[in-house]
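>
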Amino acid sequence: MCRNIRTLFNFEPPATRNEMHDASLQFVRKISGYTHPSKANEAAFHAAVEEIEAVVRKLLKSLDTDAPPKDREVVAAKARERAKERYGAA
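Sequential numbering of the sequence shown, starting at 1, is according to full-length UniProt numbering.
In structure tokens, the structure reads:
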């Protein structure tokens, strides 16, 4: 359920709004237990996603590090290699 919650800080290029939204959505899904909320809970669900996304943006803007930014392609390639070792070639 949490496949889109990934580290978003200190990457080049920086995290996009879409990535922040996806992570926020997955977080709210995990916390609420809903993948798709009922009509009665839909407004609260979407409001929570928007609020968490705003907090994520604020957090990422306020964090600071001396470490060089990680390359997204290199990190993705390493993850693919780990998955290949774990699950075998597709």
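Where is the CB? At the ideal position from N, CA and C, for every residue including glycine.
Using DSSP with H/G/I as helix, E/B as strand and the rest coil, what is K39?
K39: coil per DSSP, three-state reduction.
> For F9, which of helix, strand or coil comes out of DSSP?
Here F9 sits in coil by DSSP.
> Which value, in whole angstroms, describes the spacing of the CA atoms of R86 and A79?
R86 and A79: Cα-Cα distance of roughly 10 Å.
> Beta-carbon separation of K61 and F11 under 7 Å?
Against a cut-off of 7 Å, the Cβ pair of F11 and K61 comes out as no contact.
> Within 10 angstroms of the Cβ of R72, are there 16 or more other Cβ atoms? Answer buried if so, exposed if not.
Exposed, because fewer than 16 other Cβ atoms sit within 10 Å of the Cβ of R72.
> How many whole angstroms separate the CB atoms of S24 and F45, which I take to be in contact at a CB cut-off of 8 Å?
Incorrect: roughly 11 Å between the Cβ atoms, too far for contact.
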